[in-house]
Every structure is written in C-alpha cells, then in structure tokens.
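Residues are numbered in this note's numbering as their position in the sequence shown, beginning at 1, plus a constant of 7.
Each residue gets a CB set at the ideal place from its N, CA and C atoms; glycine is no exception.
One structure is given below, encoded as structure tokens.
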Amino acid sequence: MDGDVFITLERWTDQACLELHLEAEHVKKYVPELRKCVENGEFSVQFIETDNIRFITI
8 MDGDVFITLE RWTDQACLEL HLEAEHVKKY VPELRKCVEN GEFSVQFIET
58 DNIRFITI
C-alpha cells in the first residue's frame, strides 16, 4: 500500500441497510467531496460478504 490509498471500513446488517446509508444526506454530500480527492474522480469499492466478494467503481 502506498500514500495514494485511502481505506474506510463499514459494516451493514444487510443490503437494505447499505442502500439506506447510500441515500443518507451526509453520504450524498461526502461522496462528491471525496471524488475531488481522487484521480479521475472515481474510486473502487469492495463488497465483502460471507459468501460473495464483488467490486464496483463509483
């Protein structure tokens, strides 16, 4: 890992809770600000579940 990496860990009870979180006002304000800090304005998100790991770019 180098100085260009930012890691945050979050845990949700289920998918519905994650979706509520992503619609929260503070998240809607935070994500655009975070985009300003990263190259090309996008970042990777890794979802780790007990039986499934998936990756998206937002």
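| Query | Result |
| --- | --- |
| For D21, which of E30, I63 and E56 has the nearest alpha-carbon? | E56 |
| Let's see if you can read the secondary structure: which residues bound the alpha helix (DSSP H) around V34? | E32 to R42 |
| Which value, in whole angstroms, describes the spacing of the CA atoms of F50 and A23? | 22 Å |
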